[in-house]
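So in UniProt numbering, spot 562 of the sequence shown is number 562, and the numbers just go up one at a time.
Even glycine gets a Cβ: it sits at the ideal position worked out from N, Cα and C.
Below: one structure, written as structure tokens.
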Amino acid sequence: MTFGAWNVRTLLDREANACPERKTAIVARELSRYNIDVAALSETHLPEEGELVEYGGGYTFFWKGLASSEPRRSGVGFAVKNYLAAQLQEYPVHISDRITTLRLHMERESYLNIISVYAPTLDKSDDIKDKFYEELTRCVNRIRPREQILLMGDFNARVGRDYDAWPKVLGRHGVGKMNSSGQLLLSLCAQLDLAITNTMFRLPAKYKATWMHPRSKHWHLIDYAIVRQKDISQVQVTRVMRGAHCWTDHRLVIIKLNLRLPPPCRVGRSKQIRLNLERLQDTNTKAKYAETLNTALQPLDLKLGEIDVVWESLSSCVLDTAKSTLGLRVRKHEDWFDENDGILTGAIDKHRRLRKQHSRTHQSGGAMELRQSDLELRKLARQAKDKWWQEKARQMQWLADTNQLGEFYAEVRHLLGTSSMAKVPLKSTSGGALFKSREEILGRWAEHFNTLLNVDHFVDLDHVRCLPQQPFALELDEPISPGEVALAIKQQQNKRAVGVDFIPGELLKYGGGDLYSALWELFVIMWEKEQVPNTFKVSLIRALYKGKGDRSNCNSYRGISLLSVPGKVFARLLLNRLRKLSERILPESQFGFRPDRGTCEAIFSLRQLQEKSREQGRNMYLCFVDLEKAFDSVPREALWIVLRKIGCTEKFVRLLRLLHDGMQSCVAVNADQSEFFPVTCGVKQGCVLAPTLFALYFAVVVQEVLKTTHDGIRIRFRNDGNLFSLARLKARTKVSYALITEIVYADDLCFVANSPAGLQQLVTTFHESCRIFGLKISVKKTEVMSLDIYGQETLAVKLGDDILKQINTFRYLGSTITSKCDLDAEINSRIGAAAAVFGKLDRKVFGSHDLKLATKIGIYKAVVLPNILYSSESWTVYRRHIRTLDRFHLQCLRKILNIRWSDRIRNTEVLRRAYTMGIEAYLMGRQLRWCGHLSRMSDQRTAKCIFFSELEKGKRKHGGQLLRYKDVLKRHMTKCDIEPSEWEQAAARRPEWRSLVKAKVKMFEENRCSELDARRDELKARPPCAINYNFCNGVLTCPHCTRTFVNKIGYVSHARAHQRQDRS
């Protein structure tokens, strides 16, 4: 096996680097040229710890560094060949930012412990050096004596060639003289019976020296490969590879050992099938796939055999056809470097050849040619990068414009480099033990999710059976039609992870009519026989790091279940039928996972209730309820009873049970899988049915509360009149009344009441209802809030024997709700979120000199701007809020445009150069479109009722009123030249309203910028005012009004005010 040690100087992609970006890709390709199995990397400069796979180069990078907030001049890691990384039984153990270890299982049950180090430089203090060598000594001593050691890295030490003084540590072919750091290294090796292999082989000095001093230009040996003295015979050679190049001043050291890996063990590993689905974008390939599949399906008889055998034959036919037609996909990074790998690799090879030629000849012409090659390489990289980012910006902007939020945020997470499952040692349940091996880690994950997904709660089934029976929806039992199957297939989203059968949705969508018929025939058999293939009941769980917390703690991860896509099609078919019933059962207060509803509607409803309570001088009390493991703790037996009670037929309930009974899960880490464990509780995680099933069950739980209590907020509304006319609510016959008790989004529940006693009654009743139905409220996360109208009021709302925490701010569905009903905290939160995203993209995108301005602005609009304006449709904004947001908006644009304050460029000019608008225009457009959407809603929708309502009781205070949402709307309409009394008629037609709003907002922004420019020009054109300073005993006295001042600034402002009065 071949190992390497390389100080890469940095793995970060920075503009200041001489190396083109994507340093890891370049390093991986250089290591691949020399067929290095494992390389110890030093001075990586990467923050924290993590893992990165370079599919194009064929290496997996592991690293350890300091925190992101600290200056990073160190960092160590490994680059492991992908095939070897997939076989690792133990993941790297990080000691510090200077020491990390990797334990490899070799043949004959032997082990090799590789230690990657980066020692302090010579100028560091003795304390720092002593600390490093103490840690390294402890690390080596922890390794069993019978296991081999390979210690590699940049030691920043010169050991010299004094073989007589260090006979077993040094060989006879050292380089140079020893320094103080070299003595520390030699003492360590002598103490631990280690030998420095770089000095063991008779080679020319150019194949031993690893670093050239920048001033003296002398070459020195400071990067070493060290083994136990008893294992010297295993070393075949240690030498420097002068041709390796990654824009570092260190040379690559390789060491070949007479070692072999054991045969790969495939126990507990699944052979993943990755099809080249991108070929389906070609019309000819798509037609060929459908035609070939139709031919392959002809001999299949789906009516014979067990359901598992039938499904196995059908799925094998689809997969085999896809393999032969589409082929398998070669995994690679989805980035600009790998997508232009051939072009860039050729340019890098040319640069390497010229560099090697120049190092031999040292001719001036060669230096010029080398510099020209470097410039061409940079230009080629810039062009490739800009083209890739332009396409990415266009794609993300299209997703944002078409409201495909799921795909949009998936692209954002990919763009920001959201980490996936970290391969780090895991702590035991008690935290006392640390699991390092692959089997132990998989077992720990299985234990964690087995505990998480199998919750045992008490449920009163007798009470559940006593629920009133609703009429059965007999249409649920109608035979499955081919049209239903085709619709369910078309509803599947592309580019989604596959389940255990490895069939993606694209294969079903583009399979043609015969595949649709085959699936319809299969589903009919399942419907009639009431049997489901076992594949449809199996889920693969992948754990994703939440982004905070200890990486070795399983609670810092969230599980994502991957299900069979054909099973999802059958579940979607059932959901399409169930949704007709659920829309009749679910209350209007439920905004989650329903058509034409979302978080914005829930946030708007809550903010409007707060605003109207404040306007009419009524108290308002809120309780934000959090359920423990809500989806995973639903008792299934109670769920089936509830479904029957609300009108689901017996056959339909049995089909739903088929997808849940006998369900099994396992945890997958890359290709490794844990043992399967049963999941006996909760709705099916990852299934499209899960949100609707939970919402129906939760609706019954909440309905039990409303049977015994009538506390809440009473409103009166009228949806057919003028929004801005208060007289419309004085009518006696056309006014409707409603009681708002709760606002629900999936399992996020907010109770509202106008008295503490009413809120207490709601919480107490809901607590009892949850106990009956097997749900549990989290006392720590359930919080209460009061609307501060007459000052802060202390609440003592109890949940059982515990008093709930009272708060002044709460993060509700991503928006900040406050007890003062203001937007100050929300504005700060939005700026904080946008600044975090902007900061992550700053180095990669906005600060890059390789991308065009249009590309940067497109990405800013697609990624950063939505973070600034999230839930802005519900904002009641004052001018100060607009100024605050506009200030941040313009700061971002100035940074993108590289405009400094000292350049004295106006904000209007910044907006013109960026081809964008101010924040006020964006807010105006969003809120006008939103109010048009509200007016087109059905009259029963909660958000519309609240929008066109006022509280049943309560009076407005005398004098000036606080700003209201409809005041903001009226202001917008006036500025956009839209008649406030006629907007509802115009908004009734959606396309015309959106076009009108877009045109009017554009006109407003142009007028606003023109007015600001004119005002600025007028101020600059005014003549300087002559001001006489009348000093008397150090005091300035105004000659007009005898007012006195102690400084010139106040006096000048006062004098200018008099001059303006005189001119007027």
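Open item on the list: Quick check on DSSP: helix, strand or coil for Cys666?
Closed with: Indexing the sequence shown from 1 puts residue 666 at position 666. DSSP, read as helix, strand or coil, puts Cys666 in strand.
TODO: Would you kindly check if the distance between the Cβ of Arg714 and the Cβ of Val735 is under 7 Å?
DONE: The residue you call residue 735 lines up with position 735 of the sequence shown. The residue you call residue 714 lines up with position 714 of the sequence shown. Not in contact: Val735 and Arg714 (Cβ atoms no closer than 7 Å).
Task: Residue range of the unbroken alpha helix (DSSP H) whose run includes Ala85 - done: As a first step, residue 85 is located in the sequence shown; it is residue number 85 there, counting from the start. It spans 82 to 85 - the alpha helix (DSSP H) in which Ala85 sits, taken as one unbroken run.
Task: Status (buried if at least 16 other CB within 10 Å, exposed otherwise) for Thr794 - done: Here the question's residue 794 lines up with position 794 in the sequence shown. Thr794 is exposed by the Cβ-count criterion.
- [ ] Pick helix, strand or coil for His889, following the three-state DSSP scheme.
- [x] Here the question's residue 889 lines up with position 889 in the sequence shown. The answer is helix: DSSP assigns His889 an H, G or I state.
TODO: Classify Arg618 as buried or exposed, calling it buried when 16 or more other Cβ atoms lie within 10 Å of its own Cβ.
DONE: Walking along the sequence shown from the start, residue 618 turns up at place 618. With 16 or more Cβ atoms within 10 Å of its Cβ, Arg618 is classed as buried.
Open item on the list: Threshold first: 3 residues or longer. Then list the beta strand (DSSP E) segments lying entirely within the segment 897 to 959, N to C.
Closed with: Within the segment 897 to 959, the complete beta strand (DSSP E) segments of 3 residues or longer fall at 949 to 951, listed in chain order.
Open item on the list: Checking 7 Å against the spacing of the C-beta atoms, do Gln704 and Ser769 come in under that value?
Closed with: As a working mapping, residue 704 is identified with position 704 in the sequence shown. As a working mapping, residue 769 is identified with position 769 in the sequence shown. Note that residue 704 is Glu in the sequence shown here, rather than Gln. The answer is yes: Cβ separation under 7 Å.
Task: Within 7 Å, strictly: CB atoms of Phe676 and Gln685 - done: Sequence index remark: in the sequence shown, residue 676 carries index 676 (1-based). Sequence index remark: in the sequence shown, residue 685 carries index 685 (1-based). Not a contact, by the Cβ cut-off of 7 Å.
Open item on the list: For a quick check, are the C-beta atoms of Arg9 and Glu48 less than 7 Å apart?
Closed with: One-based indexing of the sequence shown puts residue 9 at position 9. One-based indexing of the sequence shown puts residue 48 at position 48. Their beta carbons are not under 7 Å apart, which means Arg9 does not touch Glu48 by this criterion.
TODO: Since I believe Arg994 is in contact with Arg929 (beta carbons under 8 Å), could you give me their beta-carbon distance rounded to a whole number of angstroms?
DONE: On the sequence shown, position 929 is the one that residue 929 refers to. On the sequence shown, position 994 is the one that residue 994 refers to. Their Cβ separation, rounded to whole angstroms, is 6 Å, which keeps Arg929 and Arg994 in contact under 8 Å.
Task: Endpoints, alpha helix (DSSP H) assigned at Gly483 - done: Taking the sequence shown and counting its residues from 1, one reaches residue 483 at position 483. Residues 482 to 490.
Open item on the list: Between the alpha carbons of Pro533 and Ile978, how many angstroms are there, rounded?
Closed with: Along the sequence shown, read from residue 1 onward, the residue named residue 533 stands at position 533. Along the sequence shown, read from residue 1 onward, the residue named residue 978 stands at position 978. Their backbone Cα atoms lie some 59 Å apart in a straight line.
- [ ] Return yes when the Cβ of Phe604 is within less than 7 Å of the Cβ of Cys750, no when it is not.
- [x] To locate residue 750, count along the sequence shown from 1; it is residue 750. To locate residue 604, count along the sequence shown from 1; it is residue 604. Between Cys750 and Phe604, the C-beta gap is not smaller than 7 Å, which leaves the two residues out of contact.
Open item on the list: Since Gln806 and Val784 should fall inside the 8 Å C-beta cutoff, what is the C-beta to C-beta distance between them, to a whole number of angstroms?
Closed with: Counted from its first residue, the sequence shown places residue 806 at position 806. Counted from its first residue, the sequence shown places residue 784 at position 784. Contact holds; Cβ gap of about 5 Å.
- [ ] Report yes if the C-beta distance between Leu319 and Val310 is below 7 Å; otherwise report no.
- [x] Counted from its first residue, the sequence shown places residue 319 at position 319. Counted from its first residue, the sequence shown places residue 310 at position 310. The answer is no: Cβ separation not under 7 Å.
- [ ] Return the CA-CA distance between Glu588 and Val744, expressed in angstroms with no decimal places.
- [x] Here residue 588 corresponds to residue number 588 of the sequence shown, with the count starting at 1. Here residue 744 corresponds to residue number 744 of the sequence shown, with the count starting at 1. When only Cα atoms are considered, Glu588 and Val744 end up about 9 Å apart.
Task: C-alpha distance - Lys206 paired with Val175, whole-angstrom precision - done: Counting from 1 along the sequence shown, the entry for residue 206 is found at position 206. Counting from 1 along the sequence shown, the entry for residue 175 is found at position 175. If I take the Cα positions, the gap works out to 10 Å.
Open item on the list: Per DSSP, what are the beta-bridge partners of Asn7 in this structure?
Closed with: Sequence index remark: in the sequence shown, residue 7 carries index 7 (1-based). In the DSSP output, where bridge partners are listed per residue, Asn7 has Ser42.
- [ ] Let me know if Met368 comes out buried or exposed under the rule of 16 or more other beta-carbons within 10 Å of its beta-carbon.
- [x] By 1-based counting over the sequence shown, the position of residue 368 is 368. Exposure of Met368 is indicated by the presence of fewer than 16 other C-beta atoms within 10 angstroms of its C-beta.
Task: For Ala225, the three-state DSSP class (helix, strand or coil) - done: As a first step, residue 225 must be located in the sequence shown, where it is residue number 225. Residue state, collapsed to three classes: strand.
- [ ] Give the single residue among Thr197, Gly918, Glu278, Glu528 whose Cα lies nearest to the Cα of Val240.
- [x] Here the question's residue 240 lines up with position 240 in the sequence shown. For the residues Thr197, Gly918, Glu278, Glu528, the minimum Cα distance to Val240 belongs to Thr197.
Task: Whole-angstrom C-beta distance between Ala39 and Phe62, which should lie under 8 Å - done: For the purposes of this step, residue 62 is taken as residue 62 along the sequence shown, with counting starting at 1. For the purposes of this step, residue 39 is taken as residue 39 along the sequence shown, with counting starting at 1. Going by Cβ atoms, the distance from Phe62 to Ala39 rounds to 11 Å, so no, they are not a contact pair.
TODO: Could you work out which residue in Val565, Ala695, Lys580, Pro71 is closest to Asp501 when comparing CA atoms only?
DONE: Taking the sequence shown and counting its residues from 1, one reaches residue 501 at position 501. Of the candidates Val565, Ala695, Lys580, Pro71, the one whose C-alpha sits nearest the C-alpha of Asp501 is Val565.
Open item on the list: Starting from Met785, trace the beta strand (DSSP E) in both directions and tell me its first and last residue.
Closed with: Translated into positions along the sequence shown, residue 785 becomes position 785. From DSSP, the beta strand (DSSP E) with Met785 extends over 783 to 786.
Task: Span separating the alpha-carbon of Lys323 from that of Lys529 - done: To locate residue 323, count along the sequence shown from 1; it is residue 323. To locate residue 529, count along the sequence shown from 1; it is residue 529. Cα-Cα distance, rounded: 32 Å.
Task: Under 7 Å between C-beta atoms of Ile868 and Ala914 - done: Mapped onto the sequence shown, residue 868 falls at position 868. Mapped onto the sequence shown, residue 914 falls at position 914. Cβ distance not < 7 Å, so Ile868 and Ala914 don't count as in contact.
Task: Inter-residue Cα distance where the pair is Leu41 and Phe888 - done: Translated into the one-based positions of the sequence shown, residue 41 becomes position 41. Translated into the one-based positions of the sequence shown, residue 888 becomes position 888. C-alpha separation (whole angstroms): 40 Å.
Open item on the list: Suppose only complete runs of 4+ residues qualify. What are the alpha helix (DSSP H) ranges in the segment 964 to 1005, listed by chain order?
Closed with: Within the segment 964 to 1005, the complete alpha helix (DSSP H) runs of at least 4 residues are 965 to 975, 983 to 987.
- [ ] Taking only the alpha-carbon atoms, compute the straight-line gap between Ala854 and Pro866 and give it to the nearest angstrom.
- [x] Taking the sequence shown and counting its residues from 1, one reaches residue 854 at position 854. Taking the sequence shown and counting its residues from 1, one reaches residue 866 at position 866. Roughly 18 Å separates the two Cα atoms.
Open item on the list: Contact criterion: CB-CB distance below 7 Å. Does Asp550 meet it with respect to chain D?
Closed with: The structure shown contains no chain D; it is built from a single protein chain.
Task: Sequence-distant residues of the same chain with beta carbon closer than 6 Å to Ser935, five excluded per side - done: Here residue 935 refers to the residue found at position 935 of the sequence shown. Cβ within range, chain order: Glu984, Ala987.
Task: Cα-Cα separation, Met620 to Ile789 - done: The residue given as residue 620 occupies position 620 in the sequence shown. The residue given as residue 789 occupies position 789 in the sequence shown. For Met620 and Ile789, the distance between alpha carbons rounds to 9 Å.
Open item on the list: Our contact map puts Val235 next to Leu257 with C-beta atoms below 8 Å; I'd like the distance itself, whole angstroms only.
Closed with: For the purposes of this step, residue 235 is taken as residue 235 along the sequence shown, with counting starting at 1. For the purposes of this step, residue 257 is taken as residue 257 along the sequence shown, with counting starting at 1. So it is a contact: roughly 6 Å between Cβ atoms.
Task: Contacting residues, own chain, Cβ-Cβ under 6 Å from Phe947 (five flanking each side not counted) - done: As a first step, residue 947 must be located in the sequence shown, where it is residue number 947. If we look at Phe947 and ignore the five residues flanking it on each side, its Cβ neighbours are Leu934.
TODO: Report buried or exposed for Ala16, applying the criterion of at least 16 other Cβ atoms within 10 angstroms of its Cβ.
DONE: Translated into the one-based positions of the sequence shown, residue 16 becomes position 16. Note that Ala16 scores 46 on pLDDT, short of 50, meaning its location in the model is unreliable; the coordinates nonetheless yield the value given after this. Classification for Ala16: exposed.
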